[in-house]
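Protein chains: 2
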Amino acid sequence: MSGAAAKKVTAGGRRAAAKPAATGKARKATPKVVRLTAADMAEKQREISVSEFFTKNRHLLGFDSPAKALLTTVKEAVDNALDACEEAGILPDLLLEIQEVSETRYRVAVQDNGPGIVKAQVPKIFGQLLYGSKFHRLRQSRGQQGIGISAAAMYGQLTTGRPITVVSKPGPKKPAHRFDIQIDTRRNTPVVVADHEVEWIPEHGTRLELEIEATYKKGRHSVDGYIEQTAIANPHASLTYVDPKGERSEYPRVAHELPKPPQEIKPHPHGVELGILLKMLHDTKAKNLRGFLTGEFSRVSPAAADEIAKTAMLPPTYAPHKAARDQAESLYKAIQATKLMAPPSNVLSPIGEELLLEGLRKQVDAKFFAATSRSPAVYRGNPFCVEAALAYGGEGMPGDELITMLRFANRVPLLYQQSACAVTKSVVQTNWKAYGLQQSRGALPTGPIVLMVHIASVWVPFTSESKESVASYPEIMKEIKLALQDVGRKLGIFIRRGIREADEEKKRSYIEKYIPHIGIALQEILKISDKERDKVCATLKTTLERSRT
Amino acid sequence: MSGAAAKKVTAGGRRAAAKPAATGKARKATPKVVRLTAADMAEKQREISVSEFFTKNRHLLGFDSPAKALLTTVKEAVDNALDACEEAGILPDLLLEIQEVSETRYRVAVQDNGPGIVKAQVPKIFGQLLYGSKFHRLRQSRGQQGIGISAAAMYGQLTTGRPITVVSKPGPKKPAHRFDIQIDTRRNTPVVVADHEVEWIPEHGTRLELEIEATYKKGRHSVDGYIEQTAIANPHASLTYVDPKGERSEYPRVAHELPKPPQEIKPHPHGVELGILLKMLHDTKAKNLRGFLTGEFSRVSPAAADEIAKTAMLPPTYAPHKAARDQAESLYKAIQATKLMAPPSNVLSPIGEELLLEGLRKQVDAKFFAATSRSPAVYRGNPFCVEAALAYGGEGMPGDELITMLRFANRVPLLYQQSACAVTKSVVQTNWKAYGLQQSRGALPTGPIVLMVHIASVWVPFTSESKESVASYPEIMKEIKLALQDVGRKLGIFIRRGIREADEEKKRSYIEKYIPHIGIALQEILKISDKERDKVCATLKTTLERSRT
Chain A
0 MSGAAAKKVT AGGRRAAAKP AATGKARKAT PKVVRLTAAD MAEKQREISV SEFFTKNRHL
60 LGFDSPAKAL LTTVKEAVDN ALDACEEAGI LPDLLLEIQE VSETRYRVAV QDNGPGIVKA
120 QVPKIFGQLL YGSKFHRLRQ SRGQQGIGIS AAAMYGQLTT GRPITVVSKP GPKKPAHRFD
180 IQIDTRRNTP VVVADHEVEW IPEHGTRLEL EIEATYKKGR HSVDGYIEQT AIANPHASLT
240 YVDPKGERSE YPRVAHELPK PPQEIKPHPH GVELGILLKM LHDTKAKNLR GFLTGEFSRV
300 SPAAADEIAK TAMLPPTYAP HKAARDQAES LYKAIQATKL MAPPSNVLSP IGEELLLEGL
360 RKQVDAKFFA ATSRSPAVYR GNPFCVEAAL AYGGEGMPGD ELITMLRFAN RVPLLYQQSA
420 CAVTKSVVQT NWKAYGLQQS RGALPTGPIV LMVHIASVWV PFTSESKESV ASYPEIMKEI
480 KLALQDVGRK LGIFIRRGIR EADEEKKRSY IEKYIPHIGI ALQEILKISD KERDKVCATL
540 KTTLERSRT
Chain B
0 MSGAAAKKVT AGGRRAAAKP AATGKARKAT PKVVRLTAAD MAEKQREISV SEFFTKNRHL
60 LGFDSPAKAL LTTVKEAVDN ALDACEEAGI LPDLLLEIQE VSETRYRVAV QDNGPGIVKA
120 QVPKIFGQLL YGSKFHRLRQ SRGQQGIGIS AAAMYGQLTT GRPITVVSKP GPKKPAHRFD
180 IQIDTRRNTP VVVADHEVEW IPEHGTRLEL EIEATYKKGR HSVDGYIEQT AIANPHASLT
240 YVDPKGERSE YPRVAHELPK PPQEIKPHPH GVELGILLKM LHDTKAKNLR GFLTGEFSRV
300 SPAAADEIAK TAMLPPTYAP HKAARDQAES LYKAIQATKL MAPPSNVLSP IGEELLLEGL
360 RKQVDAKFFA ATSRSPAVYR GNPFCVEAAL AYGGEGMPGD ELITMLRFAN RVPLLYQQSA
420 CAVTKSVVQT NWKAYGLQQS RGALPTGPIV LMVHIASVWV PFTSESKESV ASYPEIMKEI
480 KLALQDVGRK LGIFIRRGIR EADEEKKRSY IEKYIPHIGI ALQEILKISD KERDKVCATL
540 KTTLERSRT
């Protein structure tokens, strides 16, 4: 409305002459409808379990269509498998099998060589939403919330009535255990349907099987596309994929060492809110304020702690659990006013320029490649880092269509909700015309390009639980744009060189076309022989070529 | 990747010669990192409360920035107030006051003349996430989930440490009660900080006050924009808004009757999934299958119930709670195979063409208005209905910018996440060139237009809990496009008429310019008087004008 012709609204009251609506007669407010009282309404109030909530809102978790449900299920299982292997320091060997049960029903199995899962934990991990080890920590990993895999199990149960099957073996000398698990959605608790020892050949690892309502499609938003892109971003993983037709694809590892393991960090004081600070003050085991500040946060030295305490007008020996709202607020303001070192940035595990290029080269045929891996930055106290790579001008890449984008967060491909993503917004807001590409206002640029952007962080802010697009924090968008400008500049140089060379080529062929005519004209004017004429032409050609290069 | 130059991937295994990564040395998989066992990992697993989840993920609820937090808080409170008034059959009178506490802190108060809230329910409604009356029913309302207002309270507590204050009075002879409520986020339960009777003048109603970290901005995404648009879509509500500068804006009601009250419906059998069916079979009080099918669903007659039972090869007297997965699946398939009436569509409460036009005219100056209100349709068993209205060509509307869009769901303005919304996608995918507008590929059309789209449904599928954009169900997008085409055609006629008239005008002025010259020429040839010449000119002009109209 603003920007368009909104009438002055503040005066709305006096302007609109309270003309009754065309459809309703003007009359006193005594409607015919049954009048509910507060007591009537109270009867309907009741608790909603998180499982009920997500059953009804399953599109929030990425289960909005049968095709997407298949992808989401695979993604949650593969992400967990890769996380488990890496945390245990094991180079991941993954097997994904998808079997068609009927046209609308598939059985998905994901098997890893990870550390397995302790028996007592299996039911809750797979049969309870919001349960896990990754939520209460700050460390780069694919899983973050403790929802994903139990949501897939719940979706399977919802659409096929079948429980999830989990086989886990923690070590060579330990027995393998098989569980069949369902979810009591009203209570959000696991129900173990079957539980017994089984024979299993691998030394250690976990195998999941789920039956879900799904459809299998090829294409970029498909399981095939996800596996391809996962291989690009995880060059240290070996993936085997057996698709519903029984075709087997192998993605062997390119890097034979695990990436540098990401580190867990404590929260940075500048990223902590008043309410959280208040809660931390009450929950801490520290005996005094100095111990609290240095122990519960990153980047607070004893000197910095004393400075914060002084600014807050509290003694460094103040007992944290005594703090009421007012003390907490003084402390909060003092923290904001104190200069502190930025959060540690070496805790992240980016892919790196060389592996980015290698991964992209392996999957895309192109004439030109560029990559950049930026230094870490910080949003809301969380370190993050942006990487970008692009491939330009290959056979089969259409030159007159919008560029192809590959988005990744903590090495996980993001296949849906492209337009809502901070990455897409940053690409749209970047001036690609400066790098020799065409671009309509408010749109992606056009050209034969595959553009890859990776965001790694101890906590990636997604716009929804389905983790399909990154929220548009200004700090994150700034970093993405800088990364894009970096690869964009490299591309611009390549494209301009190409244009210059094409221009040269055109001029040269033009000149070459006329040299014989010049030769004939000279021959007539100077009365020279055919041989001399040809010699002059050759000399002319050489001279012109030399002058142009 | 597909579409671009993806190399054949199935052969990936044989292709890539397992060349070690440039950064890592090729060696056996014996990494240096500490190897965690399943037992190590088990220690870190723990439950996450839904409050903890949404505290960390508050951007999912619309609290991602201080400006948006203010809007979301106002929106949740106003939505609840309007819902409560309408359910109680009361024409809503709302008061919104925003007071600046400091540059980054505001106090928001929303007061309604609704039915009030029963004392025992107040703490849970405002101090517990996922609690409410609207989740377990199918009925058009603004609130759906039982998250919104308690999330606002939680955000206030998180950023300012202050509890939410609720004053409620259920009737003229009943006392008003004031509560101060906090949330125990670890347990997701309310903590009542204060609770006592207070004097309050209004006969009945509820008043909320929250102190939150926020910034106040003007513009379309602001509280001001939200209130303006709320007035457009709720012509039966009277709104008073006192902004942080103390300026008072009144939006009096245009319609003096409540909209037709929406009806609660039972689920339609075709929209129910196997898992839900299984649960319903176990939970029902019906003694037999016929009673279950006719009683728990809409649109199942006894004859249809018998047909379903027969197809499922179960007797109509079968006891529902006996059904195991296999019986439920037979029943599920039988339901899908049985032709049933579409869900009842008269349960919705659309705005209507006339009030759409009236609302838009009140807020926007324009030359041309058009509106359409489509018949209800169905997605996943849920009835919904789409309405569209547009205003074209007003002073102050820029002609060379993208059109201004106003999106509404169940009469609530959606101000954020425009690009992720089914409405926007439908607008982008509509061919506006056919209606005389300019449009780049993959973009909104350009022109001096305010376009309004409203979706009403018993359950609006949002892409996130913050309810900012509608999920792209194909059935919904189809209806939106049909509505757009309808107003588009009307606009096209108006624009083409304008173009034709401009052409006529140009031709006419051209002819008029030359008529005097023709007159002079005729005078010379025919030797006529000046008077006769002027008469001829006048006749010529009239004739030409007549022939053109």
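So the protein sequences, as listed, match chains A and B. According to numbering that gives the first Met the number 0, the first sequence holds residues 0 to 548 in order. According to numbering that gives the first Met the number 0, the second sequence holds residues 0 to 548 in order. Every residue gets a Cβ at the ideal spot worked out from N, C-alpha and C, and that includes glycine. What you are looking at is a predicted structure, and each value in this text was computed from that prediction instead of being measured.
The shortest C-alpha to C-alpha distance from Gly224 (chain B) to any of B:Arg373, B:Thr337, B:Ala369 and B:Thr403 is the one to B:Thr403. Judged by DSSP in its simplified three-state form, Tyr378 (chain B) adopts strand. The shortest C-alpha to C-alpha distance from Val271 (chain B) to any of B:Leu137, B:Gly393, B:Leu359 and B:Leu81 is the one to B:Leu137. The criterion of a C-beta distance shorter than 8 Å is not satisfied by Glu96 (chain B) and Val222 (chain B).
Residues of chain B with a Cβ closer than 8 Å to the Cβ of Tyr130 (chain A) are, in chain order, Gln44, Arg45, Glu46 and Ile47. The distance from the Cβ of Pro122 (chain B) to that of Phe178 (chain B) is about 7 Å, consistent with a contact at the 8 Å cut-off. With respect to chain A, the C-beta atom of Phe134 (chain B) has a partner C-beta closer than 8 Å. Inclusion of Gln437 (chain B) and Val346 (chain B) in the CB contact set at 8 Å is not warranted, their separation being larger than that value. Taken atom to atom, the span from the alpha-carbon of Ala387 (chain A) to that of Ala387 (chain B) is near 41 Å. Per DSSP, the beta bridge partners of Leu207 (chain A) are A:Val109 and A:Val165.
Take Ser372 (chain A), set aside five residues on each side of it, and the residues of its chain with a beta-carbon closer than 6 Å to its own are Pro349, Gly351, Glu352 and Glu386, in chain order. Arg34 (chain A) and Glu51 (chain A) have their C-alpha atoms spaced approximately 30 Å apart. At least 8 Å separates the beta-carbon of Ser418 (chain B) from that of Leu59 (chain B). Collapsing the DSSP output to three states places Val426 (chain B) in a helix. DSSP places Asp92 (chain B) in the uninterrupted beta strand (DSSP E) bounded by Asp92 to Ser101. For Leu257 (chain B), the number of other beta carbons within 10 angstroms of its own is at least 16, and it is reported as buried.
Sequence-ordered contacts of the region 312-339 of chain A with chain B read Arg324, Ala327 and Glu328 [C-beta pairs closer than 7 Å]. Within chain A, the C-beta atoms nearer than 8 Å to that of Gln156 (chain B) come from Gly274, in chain order.
Contacts with chain A at 8 Å (Cβ-Cβ) do not include Gly270 (chain B). Taking 8 Å as the cut-off, the beta carbon of Glu210 (chain A) is found closer than this to the beta carbon of Gly155 (chain A). Asn56 (chain A) sits buried, since 16 or more C-beta atoms from the chains shown fall within 10 Å of its C-beta. With respect to the 8 Å criterion, Ala213 (chain A) and Leu413 (chain A) are not classified as neighbours on the basis of their beta carbons. If you look at Tyr250 (chain B), you'll find it in the beta strand (DSSP E) that goes Arg247 to Tyr250. Not a single CB atom of chain B sits nearer than 8 Å to the CB of Val100 (chain A). Straight through space, the alpha carbons of Thr445 (chain A) and Gly487 (chain A) are spaced by roughly 13 Å.
Annotation: Val449 (chain A) to Pro251 (chain A) spans about 22 Å, alpha carbon to alpha carbon. When 7 Å is used as the limit between beta carbons, Pro460 (chain B) is near these residues of chain A: His58, in chain order. Assigned with DSSP and collapsed to three states, Glu212 (chain A) falls in strand. Residue-level contact check: Leu490 (chain A) does not touch chain B, since none of the beta carbons of chain B fall below 8 Å from its beta carbon. The count of Cβ pairs closer than 8 Å, one atom from the region 328-343 of chain A and one from the region 291-304 of chain A, reaches three, so the stretches are in contact. Distance check between Lys332 (chain B) and each of B:Ser344, B:Leu354, B:Lys321 and B:Ala308 places B:Ala308 closest, using alpha-carbon atoms only. For the 8 Å CB-CB criterion, Pro382 (chain B) and Val457 (chain B) form a contact. Within chain A, the C-beta atoms nearer than 9 Å to that of Thr159 (chain B) come from Leu273, Gly274, Arg324 and Glu328, in chain order. Closer than 8 Å at the C-beta level to chain B, one finds these residues of the region 109-121 of chain A: Pro114, Gly115, Ile116, Val117, Ala119 and Gln120. Following the DSSP letters along the chain, one finds Phe461 (chain B) in no beta strand (DSSP E), marked with neither H nor E. Nearest Cα to Leu288 (chain B) within the set B:Ala322, B:His269, B:Ile264 and B:Lys278: B:Ala322.
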